[in-house]
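Everything on this sheet refers to the single structure shown next.
Here you go:
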């Protein structure tokens, strides 16, 4: 019996062709290929709607499409019945199925069918969906058992045929796409002896049905838990065992990037053949934003606090939650895994001993808040900062969380906080995250209404080269003082200090604008001439930094590429008034209303593979990503791919080796970060500074961001007293010499 699906599909566009591995379809496509021309997307280069952007991001330019005239014919033929599905089988018989509702939800097409109609997704068939684009419902709806869901980002071979305005036909084809979930006769595996015989495939099989009994459940639960732990341990750096095939992780190919990208949601259906009752068992990693992923140490106990209200409110069965905590000893990297049965924990607090690691574990749920305390019984010292002899170094922000449960009806949900960044579309599961997001994304400045980016634009500017960000007023208590601190790279400051007379150095101050032509030409509406005397470049530089242990090293790590300078905006305001430069005048007058920028608490402990909600505004200059000339750009950062101790070319050795997070670009994504963007601040979700953009690494497809704090270095000096050359000590020295000109500022 072939598997039957009722009702839905998620995303609004008409004319969808899904080919189920059909030779008939393949031959038809090849014939069309010979006679068709390439089809261009209309309105290319113009401002695109959100729907267009979603689709354009995933266009496969090598896909084959139908001819324009055939598409037009089908449009006309179906003009009277736009809201229908036509299913064409091997014999070219057509079954028409009416659609009651179509909507776009989180990048998915949903078709709800009328009168409990059924769709059979058969071998050697095409399912053709025709409809008109109506109002887009952007609210997430739950997915019922009577639904089919296709995520457009997951489908290979997609080509837009036409895309116009609301109430017009939108067409695209999906060609030669196998639909794996419905192809086989339904067979129930009676007994699971070795789950690897079932699941150890290159792609995790999600169409498995197993006889429902206690023994089979125990075997599958244990297999899912063990393989997930093995995968996470491998990514964390324990290479004792190679993970399952479906993770695509191996000793030979693993380079630290995208470790979690291929880890799917693990699921299997348990069915009672006598009653036909069935439940799906799911185990999946839940992406957790870094601000929700904090651990604490109190009285030599590791403390984990999580608000699990969203999970507890779901009508699942046998709900469990697991935490994977990365630690390092003198000998190896260890991943501690603790799983809690929430149904039991709600009733009774847990106190137990982890004999293998010699820990005492205490856990309880109070007011939907799960609190776990992990206490070493061997009295070894635990720390987030440094590994002591016989001690334990704990990663503060890298804990991975997974959930497992049985359900009659899957529901998507976010475990903890939802992202404030609307471009970070989903945290429903690890699989969905990677299907819907990239590590970073270039945004359309003109249409970007993100509130934090609006605040970034109020303080980011360019002088000469590089990107600067205003941090705070030098003397907040003095209304007659117009000096402000700004931050950028040391190498940018050195150019401004030493090469000001070079004709290539732009002797203007310029502010953000979405019009590339205005920025490229330093239009007077957004720029103003400046003098070097209005600046104190390099007021403080991160050189000869003593580490948190009180040691001044000589291996390059004592230096970093950060500098804080001072700009006096009084003469610039006067000049803007005289020249009636309203934009510059309003921009600078607004600075006195802005709060001082603080150092992000995430900067010091940020970990590889962290899910983040970061933003960066910058002024790239060099030709890159298809752009030329200076322009203003905004990017979001969703995930930290890798953390390294950055390397420097020989001519830049003086700027040091410091902790840097790295993003890896893709040809389809193409970030616009290059020279000119140097020094731009990476902000967290609270507008605190995390890092500075430093450089392109390798073949211009990797980007380095210098972290403004680390466990080893407190550059600003507000968290320790061991660094004589910190910003705080520099400022304290200036206050003692010129108390009327400076006052203490806490970054």
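Residue numbers (the working numbering): 2 to 748.
All residues carry an ideal CB built from backbone N, CA and C; glycine is no exception.
Can you tell me whether residue i is buried or exposed, with buried defined as 16 or more other CB within 10 angstroms of its CB?
i           : result
residue 493 : buried
residue 697 : buried
residue 116 : Confidence in residue 116 is poor, its pLDDT being 49 and thus under 50, which makes the residue's placement too unreliable to answer from.
residue 496 : buried
residue 242 : exposed
residue 531 : buried
residue 297 : exposed
residue 307 : buried
residue 480 : exposed
residue 627 : exposed
residue 223 : exposed
residue 82  : Bear in mind that the predicted position of residue 82 carries a pLDDT of just 38, short of 50, making it unreliable; the figure below should be weighed with that in mind. The residue is exposed, with fewer than 16 neighbouring Cβ atoms inside 10 Å.
residue 77  : Only weak support is given to the placement of residue 77: the predicted model assigns it a pLDDT of 36, under 50, and the value that follows is read from those uncertain coordinates. Under this definition residue 77 is an exposed residue.
residue 219 : exposed
residue 604 : buried
residue 63  : Confidence is the limiting factor: at residue 63 the pLDDT is only 25, short of 50, which leaves the residue's position unreliable, though a coordinate-based value still follows. Residue 63 should be labelled exposed.
residue 196 : buried
residue 80  : Residue placement at residue 80 is poorly supported in this model, since its pLDDT is 37, which falls under 50; the coordinates are not used for a value here.
residue 609 : buried
residue 490 : buried
residue 732 : buried
residue 300 : exposed
residue 550 : exposed
residue 244 : buried
residue 468 : buried
residue 636 : buried
residue 669 : exposed
Could you tell me which residues DSSP puts in a beta bridge with residue i?
i           : result
residue 511 : 463 and 528
residue 371 : 307 and 366
residue 377 : 360
residue 696 : 705
residue 662 : 644 and 706
residue 355 : 360
residue 545 : Beta-bridge pairing links residue 545 to no other residue.
residue 637 : 442 and 616
residue 435 : According to DSSP, residue 435 bridges with nothing at all.
I'd like to know whether the C-beta atoms of residue i and residue j end up nearer to each other than 9 Å.
i           : j           : result
residue 283 : residue 405 : yes
residue 398 : residue 607 : yes
residue 567 : residue 633 : no
residue 321 : residue 414 : no
residue 612 : residue 434 : yes
residue 513 : residue 464 : no
residue 676 : residue 622 : yes
residue 304 : residue 354 : no
residue 590 : residue 574 : yes
residue 748 : residue 719 : yes
Would you mind reading off the limits of the alpha helix (DSSP H) that contains residue i?
i           : result
residue 770 : Outside the modelled stretch of the chain, which goes from 2 to 748, sits residue 770, for which no answer is possible.
residue 223 : 215-237
residue 1   : Nothing in the structure corresponds to residue 1, since the chain is present only between 2 and 748.
residue 733 : 728-738
residue 589 : 583-590
residue 454 : 452-458
residue 282 : From DSSP, residue 282 is part of no alpha helix (DSSP H) but of the beta strand (DSSP E) over 279-286.
How would you write the range of the beta strand (DSSP E) that residue i sits in, first residue to last?
i           : result
residue 710 : Here residue 710 belongs to no beta strand (DSSP E), and DSSP marks it neither H nor E.
residue 492 : Element bounds for residue 492: not the beta strand (DSSP E) but the alpha helix (DSSP H), 491-499.
residue 578 : Run containing residue 578: none in the beta strand (DSSP E); it sits in the alpha helix (DSSP H), 571-579.
residue 542 : 536-542
residue 295 : First-last for residue 295: undefined, no H or E at that position.
residue 405 : 401-408
residue 200 : That residue, residue 200, is in no beta strand (DSSP E); its alpha helix (DSSP H) goes 197-200.
residue 319 : 318-329
residue 473 : 469-474
residue 267 : 267-272
Measuring CB atoms only, is the segment 428-445 touching the segment 268-287, in the sense that at least three cross pairs come out at less than 8 Å?
yes
If you pair each beta-carbon of the segment 429-446 with each one of the segment 574-590, do three or more pairs fall below 8 Å?
no
Determine contact between the segment 238-252 and the segment 330-350, defined as no fewer than three beta-carbon pairs at a distance below 8 Å.
Contact between the segment 238-252 and the segment 330-350 is present, because at least three Cβ pairs lie under 8 Å.
Does the segment 679-693 touch the segment 504-524, meaning 3 or more C-beta pairs lie closer than 8 Å?
Touching, no, given that fewer than three Cβ pairs across the two stretches are closer than 8 Å.
With a threshold of 8 Å, are at least 3 pairs of Cβ atoms found where one atom belongs to the segment 651-660 and the other to the segment 554-570?
yes
Do the segment 538-552 and the segment 711-730 touch if we need at least three Cβ pairs shorter than 8 Å?
Between the segment 538-552 and the segment 711-730 there are three or more inter-stretch CB-CB distances shorter than 8 Å, so the stretches are counted as touching.
Counting Cβ pairs closer than 8 Å, one from the segment 198-216 and one from the segment 263-273, do we hit at least three?
Yes, the segment 198-216 touches the segment 263-273.
Could you tell me whether the segment 356-373 touches the segment 243-251, using the rule of 3 or more Cβ pairs below 8 Å?
no
Validate contact between the segment 385-400 and the segment 342-356 using beta carbons, cut 8 Å, 3 pairs
no
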